[in-house]
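Quick note on the working numbering: the sequence shown kicks off at 298 and runs consecutively.
Even for Gly, the Cβ is constructed at its ideal location relative to N, Cα and C.
This structure is a prediction, so every number in the text was calculated from the model and none was measured.
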Amino acid sequence: MSASPQDIMTARLFFNAAFPTIQVLLDDDPKLHKKFEHVQATVQFGAKNGGELLCCHMVFDNGTIAVAEGPAEHPDLTLTFSSVEKMNALLRGGLAIPSIKGKLSLLPKVLSALMGLMIMSPKKVPKDFSGQALKVKCSLYMITRALSQYNKLGDPDMQEFCQRQPDRIYQFTVANGDDPNYIACYLRVKAGQSKSGHGVYTRRSPFVHFCFKSVEGAMKVLLKEVEFVEGVEKGYVETIGSPEYACYLNDYMSILQGMLT
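Rendered as structure tokens:
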């Protein structure tokens, strides 16, 4: 039995938006960095969907990761779920067991990387500053990438949203002390096309700038301890630019967070 279009979209968003965020974990989590600093391996991850295979492959190369949708030519490790629904359930923090083939010695490391993505779960609330900063960074990097992928993967509403815009930057920054751009990423939308990136976009002023005043404030908004409007009122985040389009984008962010966490 084939998965629903919604489940397929969710799986592809995991592949194309969430999995690349593993690079943030490899860079910023000392324990995970150490585990992968000398790993060179290709891991295929996916699920059966009727008579087809919906999958991606991750290429680990001495502390870096590259993710591509589709099967690998010669994977070192393959994890395959019996259905897309079960795969998505695991990635949201549920329980599901895939079939496993290949180098089993790689499995604990790969699972630690995948479980590291659970830092973006609403249930995960780090108590220390470094953990909170990592959660905010992963969450914002993932959501800006997911927004772009949602358009590229064909959601009609998101495509319409992108098509009606000439060339606009949606900038996200999180301040820490004297550094206003401690965490920064953006979404660029241009005549139906979209692209996400890390850092501050410098070639054009932002159409909407979401300025989080601190990591703590960003946590409260991302965990939905306060609604976005309340976060603005309490000074956790400031929106500079079009309030109408800030609300549109926030609505899409909420949809994607619901799909992926």
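Integer-rounded CB distance, given that L376 should sit under 8 Å from A308: Distance from A308 to L376 at the Cβ level is roughly 13 Å; contact not present, criterion being Cβ atoms closer than 8 Å.
Please name the residue or residues paired with N346 in a DSSP beta bridge. Answer is E349.
Do the stretch 481-494 and the stretch 520-531 meet, that is, are 3 or more Cβ pairs less than 8 Å apart? The stretch 481-494 is not in contact with the stretch 520-531.
Which same chain residues, not among the five before or five after K330, have their C-beta less than 6 Å away from its C-beta? Note that residue 330 corresponds to His in the displayed sequence, not to Lys. Around H330: L323.
Tell me whether the beta-carbon of L546 lies closer than 8 Å to the beta-carbon of Y467. Using a Cβ distance threshold of 8 Å, L546 and Y467 count as a contacting pair.
Per DSSP, which residues does R465 bridge with? Please list them. For R465, which the question treats as bridged, DSSP gives the partners V486.
Would DSSP call L376 helix, strand or coil? The answer is strand: DSSP assigns L376 an E or B state.
Which of helix, strand or coil does DSSP assign to A481? Here DSSP, grouped into helix, strand and coil, assigns A481 to strand.
Can you say whether D454 is buried or exposed, counting buried as having 16 or more other CB atoms within 10 angstroms of its CB? Classification of D454: exposed, given that the 10 Å Cβ count is below 16.
Counting Cβ pairs, one atom from each stretch, are 3 or more of them under 8 Å apart for the stretch 407-416 and the stretch 429-446? Because the criterion of three Cβ pairs below 8 Å is met, the stretch 407-416 and the stretch 429-446 touch.
Closest by CA to P368, which one among Q341, Q460, T558, L557? Measuring from the Cα of P368, the nearest candidate turns out to be Q341.
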